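Only one structure is covered here, and it is reproduced in the block below.
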Amino acid sequence: MSTAAIIPAAGLGLRLGGEAPKALREVGGESLLVHAVRGLSAATAAGLSCFVIAVPAGTEDVVAKQLDPYVGDAELRIVAGGAERTDSVRAALDLVPLDGIDCVLVHDAARSFVPVAVIERVVAAVRAGSPAVVPVIPVTDTIKRIGPGGEVLETPDRSALVAVQTPQGFDPELLRRAHSLDGAGATDDAMLCERLGVTVQTVEGSEDAFKVTRPRDLLLAEWILAERRGQ
Ligand code: CTP
Ligand code: MG
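This note's numbering puts the last residue of the sequence shown at 680; the count rises by one with no breaks.
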């Protein structure tokens with residue numbers, strides 16, 4: 450059995466700004482999407498046999514050419530994404546092979562520097578029987594829930610709060626069932642599984658799996674890359 454990876458990469462990157470869509474922005478001479486695919490390919494224990502990438506409409510051919518050298522023996526499928534992240538994941542999920550896949554990863558192109566250990570932990574947990582698995586890190590800020598007027602309603606106990614990353618790993622049949630629901634308001638795929646009443650399991654994430662969101666994140670990305678390249 451093997452793993453399929455869905456990479457939503459169709460966002461515009463409005464918070465990052467710049468000319469190109471975020472996944473095609475370069476750090477260290479390569480796009481964030483190339484970094485993300487290379488990272489997943491390096492997770493040999495995950496046994497990736499298929500990548501399905503959701504990209505901005507019109508960039509399919511450029512992306513296919515760009516990624517081909519990085520997928521090894523795995524199959525590469527490209528699809529135009531949708532208006533929301535959930536729409537992009539759903540479009541990609543339709544292209545995941547029905548047979549021979551026992552784990553589907555959904556991984557943001559913008560979390561380009563996730564360590565191999567995190568990817569392999571997620572896949573191992575799915576294979577060990579958890580149908581939905583998310584990598585998490587502790588939150589360092591105190592989090593407050595506020596009302597419409599900006600007033601604080603409550604301060605949840607921080608020790609029970611985590612920040613959720615990707616790749617998130619799923620039993621393929623569960624992910625298909627979750628995406629057949631109305632995805633409105635869902636900011637990740639695990640949330641759709643929660644709506645089905647399925648228990649989502651957490652595993653240890655990594656600070657390096659941060660999401661490139663704003664311009665200053667590019668500096669952190671460059672620093673991580675330089676550190677990995679031993680510069
Ligand atoms: N994404 C997608 N399709 C969308 C929106 C987002 O495939 N319609 C992808 C992005 O390309 C990214 C991931 O989902 O890899 C996480 O989204 P986010 O960080 O919000 O990226 P953007 O939507 O591109 O950025 P912004 O919200 O700043 O415009
Ligand atoms: Mg977005």
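The beta carbon of each residue, even a glycine, is placed where N, CA and C say it ideally should be.
Quick caveat, the model's predicted, so the values are computed rather than measured.
Checklist entry - Fully enclosed by the stretch 512 to 590, which beta strand (DSSP E) runs are 3 residues long or longer? => result The stretch 512 to 590 contains these whole beta strand (DSSP E) runs: 524 to 529, 550 to 555 and 581 to 587.
Checklist entry - Could you give the distance in angstroms between the alpha-carbon of V396 and the alpha-carbon of R464? => result Since the displayed the chain opens at 450 and closes at 680, residue 396 lies outside it and no answer follows.
Item to check | R526 versus V476 - alpha carbon distance | outcome: Residue numbering aside, residue 526 sits at position 77 when the sequence shown is read from its first letter. Residue numbering aside, residue 476 sits at position 27 when the sequence shown is read from its first letter. Looking at the two C-alpha atoms, the distance is approximately 24 angstroms.
Item to check | From A540, L489 and D631, residue whose alpha carbon lies closest to that of G531 | outcome: In the sequence shown, counting from the first residue as 1, residue 531 sits at position 82. Taking only the C-alpha atoms, the option nearest G531 is A540.
Checklist entry - Under 9 angstroms between the Cβ atoms of A492 and V583? => result Taking the sequence shown and counting its residues from 1, one reaches residue 492 at position 43. Taking the sequence shown and counting its residues from 1, one reaches residue 583 at position 134. Not a contact, by the Cβ cut-off of 9 angstroms.
Next on the checklist: Does S480 come out as helix, strand or coil in the three-state DSSP assignment?
Outcome noted: For the purposes of this step, residue 480 is taken as the residue at position 31 of the sequence shown. The answer is strand: DSSP assigns S480 an E or B state.
Item to check | CB of T636 within 9 angstroms of CB of L554, strictly | outcome: As a working note, residue 636 is residue 187 in the sequence shown. As a working note, residue 554 is residue 105 in the sequence shown. No, the pair does not count as a contact, with Cβ atoms beyond the cut-off.
Item to check | beta strand (DSSP E) runs contained entirely in the stretch 610 to 675, provided each spans 3 or more residues | outcome: If only uninterrupted beta strand (DSSP E) runs of at least 3 residues are considered, those enclosed by the stretch 610 to 675 are 611 to 613, 617 to 619 and 650 to 653.
Item to check | Stretch pair the stretch 558 to 575 + the stretch 645 to 662: three plus CB contacts closer than 8 angstroms | outcome: yes
Checklist entry - Assuming G618 and V563 make a contact with CB atoms under 8 angstroms, what is their CB distance in whole Å? => result On the sequence shown, residue 618 is found 169 positions in, with the first residue counted as 1. On the sequence shown, residue 563 is found 114 positions in, with the first residue counted as 1. Rounded, the Cβ-Cβ distance is 12 angstroms, inconsistent with contact.
Next on the checklist: Checking the sheet assignment: what are the DSSP bridge partners for S608?
Outcome noted: For the purposes of this step, residue 608 is taken as the residue at position 159 of the sequence shown. The partner list for S608 (beta bridge, DSSP) is empty, contrary to what the question assumes.
Checklist entry - Pairing CB atoms from the stretch 590 to 603 with CB atoms from the stretch 630 to 645, are three or more of them under 8 angstroms? => result Cβ pair count under 8 angstroms is below three, so no.
Item to check | Per-residue burial, R665 [other beta carbons within 10 Å of its own, 16 or more giving buried] | outcome: Residue numbering aside, residue 665 sits at position 216 when the sequence shown is read from its first letter. Exposed, since its Cβ has fewer than 16 Cβ neighbours within 10 Å.
Checklist entry - If you count every other CB in all the chains shown that lies within 10 Å of the CB of I592, and 16 or more means buried, which is it? => result For the purposes of this step, residue 592 is identified with residue 143 of the sequence shown, where counting begins at 1. Under this definition I592 is an exposed residue.
Checklist entry - Whose C-beta lies closer than 7 angstroms to the C-beta of L667 among residues of the same chain, with five residues either side of it excluded? => result Reading the sequence shown from its first residue, position 218 is the one you call residue 667. Here the set comprises V476 and V661.
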